[in-house]
Amino acid sequence: SETVERHEFGAEVGRLLDLVVHALYSDREIFLRELVANAADATDRRRFEALTNEALALPSDARVLIAPDKAARTLTISDSGIGMSKEDLAQNLGTIARSGTRAFSQALGETKGGEGEDLRPSLIGQFGVGFYSAFMVADRVTVTSRRAGADEAWTWASDGKGSYTLEPASREQAGTDIVLHLKEDADEYLESYRLDHVVRKWADNIAVPIAIRDAEGKEEAANRGTALWRKPKSEITEEQYKEFYRTVSHGFDEPWATLHWRAEGALEFTGLLFVPSMKPFMAMEDDRRSKVRLHVRRMFITDEAELLPNWLRFVHGVVDTDDLPLNVSREMLQSTPTLQKIRRAVTTRVINELSSRSKNAEKAEEYQKFFENFGSVLKEGIYEDFERRAEIAPLLRFRSSTQEGWTSLPDYVARMKPEQEAIYYLVADDVEALKNSAQLEGFRARGVEVLLLSDHVDAFWPEQLGKFEDKPLRSVTQGSADLAKLKPEGEAAEEAPPADKLVAALKLALEPDVSDVRTTDRLVDSAVVLAASGMGPDLQMQRLLRRAGR
Ligand code: ADP
Ligand code: MG
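With my numbering, the residue at position 237 of the sequence shown is 1017, and numbering never jumps.
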């Protein structure tokens, strides 16, 4: 009819759909987790908006309903959530509002044929492209939605091949119906026992009630919706923790650490937090805010309360408190001192956990694994969080010129030579290059250890940190003068002839391209090295600044 509008998908959506349908075939049951999670999110959002606008109040029987229809070969997921206007439908389901798509397809390309291949399904949720997973099982999807507070409803429809349509529709109440016209090979999702199994596996901890309609039209509750974190630890099994972790993280891995505690006294709250054992494929630069969920008296309030600082954004989980009113508004979330205190306490708890694990010598390898995954994020805290800097520094791990494997700042300090004043480090793009660097010779000859830094953030934080346990951190490209105070060991100790004439000739030839030519104690085997001036920025930093066009 003439009221049907046809729109092309953005180019990125088209590419993404292609990937979703063709590359993410295994474990495709997670489409249900994604659609149920969206329905529950929409319900939570409506409840939240109703706090400040009574007209939007949820119906008392609000739930997510999963209804298979064998005759029509459709599966419908309905909610009484916030709903979507026509513009919302076009924006949320027709474009990729987030920047994750390119990174997503890149990650898929990288895992192709490799050991990451099995992990592909987990990528969907992480990249915020959950809705499109519907096309793994459906060759046509229609979404009929009515925004809470609005009178009109709209239907979005697509076969996932380049375009979608929008047309006016009717829906008695606010909310959304997602209708999947199942593919030939997706019959299993018409069976209520199969649906029940998937919901229990992936969505059991969602607080909004989820019901499945069976062949006789009866509705059965499918999720337990227990606020797991409110239970005593002794009543929770490892398996339940793991399932909950997977619900909040959209992941497939095991938690590396599970922190479950109750704070009592001046401030009362419960925390259930997880550190993943796997690095997400998504570049953690896309959205740098912590997504830890805030609940008040079990009820989900928001995942935008930034309960942890950016540099702990790899932590997933829930914080639930009785100390905030249920009708907490967005503005209040920004300003309430209670939340500030909770943030502080939660951050301290996570740091303490990392700290005690980092000190456990028996589990050093486990900790190193964690550090390889999230160390570069942690380092951001050194230049972003002045207050926590000193607590973060001992959590870091480094390669070193004298040690195998990884080492730490406290261990480095313990090995320092008696007459050594500073902690030395060298920054470059890769560790192998670092190990062979001429810059190291003088230090090696004197048995002085140098930390080898090759992370992309390493050019920035050492200067910010400045000192560790009162020892200044000094780049070897700046700290050459120090070497004169330290005695060389072995062969290199033999006196070299004076080189004044050579220096003078070189100076004449090279100035003004170099500011000075000097003899140095830094070199043993190499003849010359280019050094940063003692005052100026470190060489690696200069390179970065140059790249940035400064
Ligand atoms: P994400 O959930 O990570 O934002 P999705 O692809 O799963 O990404 O969903 C895209 C967007 O579509 C959601 O952010 C939401 O705004 C909207 N949406 C999806 N399903 C629903 C629903 N049942 N009710 C209301 N909005 C929805
Ligand atoms: Mg989603």
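The C-beta atom is built at its ideal place from N, Cα and C for all residues, glycine as well.
Buried or exposed by the 16-neighbour rule on C-beta atoms within 10 Å, applied to residue i
i     : result
P1190 : exposed
R1330 : For R1330, the pLDDT reaches just 45, beneath the cut-off of 50, and the residue's location in the model is therefore unreliable, although a value from the coordinates is still provided. Its Cβ having fewer than 16 others within 10 Å, R1330 is exposed.
K1267 : exposed
T1299 : exposed
G863  : buried
D1102 : exposed
L1206 : buried
S1115 : exposed
E897  : In this prediction, E897 scores a pLDDT of 49, lower than 50, which makes its location untrustworthy; the coordinate-derived value is nonetheless stated afterwards. The residue in question, E897, is exposed, as its Cβ has fewer than 16 Cβ neighbours within 10 Å.
G894  : Annotation note: pLDDT 49 at G894 (below 50); position unreliable, coordinate value reported separately. Its Cβ having fewer than 16 others within 10 Å, G894 is exposed.
Q1219 : buried
T783  : exposed
D824  : buried
E1019 : exposed
E1015 : exposed
F1094 : buried
S1070 : buried
S1109 : exposed
E1160 : buried
Nearest residue (CA-CA) to residue i, options the options
i     : options                    : result
V816  : I857, L960, L1303          : I857
Q953  : G940, A933, Y969           : A933
R1077 : R1010, K1265, L831, D1067  : R1010
W1186 : S1014, E1152, D1210        : E1152
D965  : F915, L1245, W982, P839    : F915
L1175 : F1150, R1195, A1194        : F1150
R826  : G861, H961, Y1147          : G861
E1044 : D984, V1126, K998          : V1126
D859  : E867, Q871, D849, S840     : S840
T854  : L799, H961, L845, D868     : H961
Q1258 : E834, H1096, V1309         : V1309
L1303 : R1226, H1236, P1292        : R1226
R1026 : A1264, F1080, G1097, E1084 : G1097
K866  : Y912, T945, G1005, N833    : T945
E1212 : E1167, A1173, S1234        : S1234
E1167 : Y1147, E1184, T1128        : T1128
L796  : D967, L873, G1031          : L873
F1248 : R1224, A1208, R926, M1196  : M1196
W1036 : L799, G929, E1145          : E1145
E1086 : P1056, F1054, S1109, Q1120 : Q1120
Cross-strand partners of residue i (DSSP beta bridge)
i     : result
W934  : S925, P948
K1247 : P1252
F1054 : T1038, H1096
H787  : Y944
P849  : Before going on, a small fix: residue 849 reads as Asp here, not Pro. BP columns for D849 point to T854.
V1076 : M1079, T1101
A987  : A987 pairs with nothing; no bridge assigned.
A1001 : A991
Y1147 : Paired residues: none, contrary to the question.
V1230 : Y1204
S1180 : L1231
V844  : I990
R920  : H961
A1043 : F1049
Closer than 7 angstroms: residue i CB and nearest the ligand ADP heavy atom
i     : result
E932  : no
M864  : yes
L873  : yes
A991  : no
G1051 : no
A1173 : no
T1082 : no
T856  : no
G1045 : no
A851  : no
A842  : no
G940  : no
D1067 : no
G1246 : no
D1372 : Because the chain here runs from 781 to 1330, residue 1372 falls outside it and cannot be looked at.
T956  : yes
Near the ligand MG: residue i beta-carbon under 7 angstroms from a heavy atom
i    : result
E814 : yes
N818 : yes
F911 : yes
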